[in-house]
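Student:
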Amino acid sequence: MTTTHYHFQTASHIVSGAHSLELLGEKLDLLGLSGLTSIFILTQPSIVSLGYADQIKRKLEKKGIASEISTEIKPEPTEENIEEVFQTFLKGEHDAIIGIGGGSVLDAAKILAVLKTNDQPISALIGTNLVRKRGVPTILIPTTSGTGSEVTPNAIVTFPEKELKIGMVSPHLLPDLVILDPALTLNLPKSITAATGMDAFTHALESYISNKANPFSDMFALESMRLISGSIQEAYHHGKNVKAREDMLVGAMYGGMALTSAGTAAVHAMAYPLGGKYKISHGVANSMLLPHVTAFNADHIMDRLENVARVIGIEEAGSKHTLAEHVIHQIEEWTADLHIPQHLKAFGVSKEDVPALAEAASEVKRLMDNNPKQMSVSDIEQVYMKLLDA
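In the numbering used here, the protein residues as written are 1 to 390.
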C-alpha cells in the first residue's frame with residue numbers, strides 16, 4: 001500500500017483585524033522578541049508618506065528598540081538591488097527586520113533576514129531548500145491583498161539578464177509574526193487592488209487544480225476563492241469598505257497557504273517571462289493568462305472546476321462542461337470590470353516574440369510539471385497567441 005504524505009508549514013504567529021498594527025508591541029512580548037535592540041524597517045515610499053512606517057517606529061521606541069527606515073527596494077527587485085539594501089542592513093547592525101508593503105517588499109525582507117545568517121550570496125540560495133539557516137526575526141505586514149508572501153516559504157528575485165523571475169524556496173524564509181491590518185489597505189489604488197486581488201485568486205485556483213493539490217491546500221484554496229470572489233469588486237469600487245478589505249487580506253493569505261502546500265502551475269510559469277522581459281506586473285500577467293490556461297486545462301479538471309463554480313457563487317444548473325465555461329467566463333468578467341488589460345500588444349509584445357516567451361516558460365519546470373495537463377512548447381505558444389489575437 002502506498003501512503004501519500006501531505007506537508008504544511010507557515011508563519012509562527014498571525015494576527016488579523018482592523019487596526020491590529022496596534023498590537024505590535026504586545027506581540028513582540030508574546031514571541032519573546034522584546035529584547036531586540038534595533039530593527040530594520042523595509043518599506044516603500046507610499047507607505048512612508050501615509051505615515052505607517054513612522055507609526056511602527058514610534059511603537060518600537062516605546063519598547064526601547066531603535067529602528068531605521070529604508071525605501072530602497074524597487075518593485076520586482078533584482079539580485080543587485082537586494083544586495084545593495086543588504087549592505088545598508090548590515091551597516092545598521094540590526095538584529096531583526098520588519099517588512100511593510102507589497103509583495104516585493106515582503107519577499108526582499110525575507111531574503112535579507114536569511115542573508116544575515118547565511119554566508120552565501122543570493123545566487124547560491126535561489127532554488128529549493130538551499131538556505132541552510134533560519135534568518136533573523138522577521139515581522140511581515142502586507143499592505144496589498146495579493147501575493148500571500150507573508151505566509152509562504154517563497155521569495156521571488158528578478159534576473160534581468162535572463163529575462164526571468166526565479167524563486168527562492170525554503171522553510172527558513174517563513175516569518176515569526178504576520179500582521180494583517182485591513183486599515184492599511186484602505187488607500188490602495190484601484191489598479192493595485194485589481195492586480196493583486198486577481199493574483200491572489202490565481203494562487204488559490206492554481207493550487208486547487210495542481211498535481212500536488214491535497215486536503216490541506218484544498219481547504220485553504222476553496223476558502224480563499226470564496227472570500228476573494230465575494231469581495232474583490234466591492235474592494236475595487238468602494239475601497240474604504242473595511243469588511244471587503246479584510247476579506248481580501250485573509251483571502252490572499254489563504255491563497256498563499258494553499259500554494260505553500262500545493263504550488264502553482266502553468267499560469268505562473270508563463271507569467272514569469274512576461275514580467276522578466278516586459279515588466280508586466282505579476283498580478284496583471286496572471287490575470288491575463290488565467291482564463292486561457294484554465295480553458296486549456298479544463299478537460300482534465302472538470303470535477304475541480306465544478307467545485308470552484310459553487311464556491312464563487314455560480315448557481316446555474318448545468319453539466320460539468322457548462323460550469324467550467326461559467327468559471328472561465330466569470331474570470332473574464334472580473335478582469336473586464338477591474339480594467340485589467342487583456343492584450344499583450346499594450347505592453348509591446350509582438351507575435352514574433354512568442355517563441356522565445358514559450359521557450360522561457362517551458363523551462364520553469366517546477367511549475368510546468370505541476371500543471372494538471374502537460375503543455376508542449378507549441379501549446380504554450382498558442383496560449384500566448386490568444387492574448388495577441390484578441
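Glycine included, every Cβ here is placed at the ideal spot set by N, Cα and C. The structure presented is a predicted model; accordingly, all values stated were derived computationally and were not measured.
Determine the burial state of L227: buried for a count of at least 16 other Cβ atoms within 10 Å of its Cβ, exposed for fewer.
Tutor: buried
Student: Any chance you could list the alpha helix (DSSP H) runs of at least 4 consecutive residues sitting entirely within the region 119–156, in chain order?
Tutor: 122–125
Student: Would the beta-carbon of V178 fall within 8 Å of that of L140?
Tutor: Contact: yes.
Student: What residue range does the alpha helix (DSSP H) around G396 cover?
Tutor: Because the chain spans 1 through 390 in this model, residue 396 falls outside it and cannot be assessed.
Student: Skipping 5 residues on each side, what residues in its chain have a beta carbon closer than 6 Å to that of G255?
Tutor: G148, A200, H203, A204 and S224
Student: Which residue from V293, A258 and V250 puts its Cα closest to that of A271?
Tutor: V293
Student: With distances taken from CA atoms, which of I328, D299 and L289 is nearest V308?
Tutor: Taking only the C-alpha atoms, the option nearest V308 is I328.
Student: Beta carbon of A96, beta carbon of I39: below 8 Å?
Tutor: yes
Student: What ranges does the alpha helix (DSSP H) occupy inside the region 220–255, keeping only unbroken runs of at least 4 residues that lie completely in it?
Tutor: 232–237
Student: At what residues does the alpha helix (DSSP H) containing L90 begin and finish?
Tutor: E79 to K91
Student: Under 6 Å Cβ to Cβ from S210, same chain only, skipping five residues before and after it: list those, please.
Tutor: A262, G263, A265 and N370
Student: Could you please give the first and the last residue of the uninterrupted beta strand (DSSP E) stretch that includes K68?
Tutor: Looking at the sequence itself, residue 68 is Glu, so the reference to Lys does not match. A66 to S70 is the extent of the beta strand (DSSP E) around E68.
Student: Taking only three categories from DSSP, how would you classify L174?
Tutor: coil
Student: With a Cβ-Cβ cutoff of 8 Å, do V131 and H172 count as a contact?
Tutor: Closer than 8 Å, so yes.
Student: Under 8 Å between the Cβ atoms of V151 and A346?
Tutor: Their beta carbons are not under 8 Å apart, which means V151 does not touch A346 by this criterion.
Student: Are at least three pairs of beta-carbons, each pair with one atom in the region 278–295 and one in the region 340–354, less than 8 Å apart?
Tutor: yes
Student: For S123, does the count of other Cβ atoms within 10 angstroms reach 16, so buried, or fall short, so exposed?
Tutor: exposed
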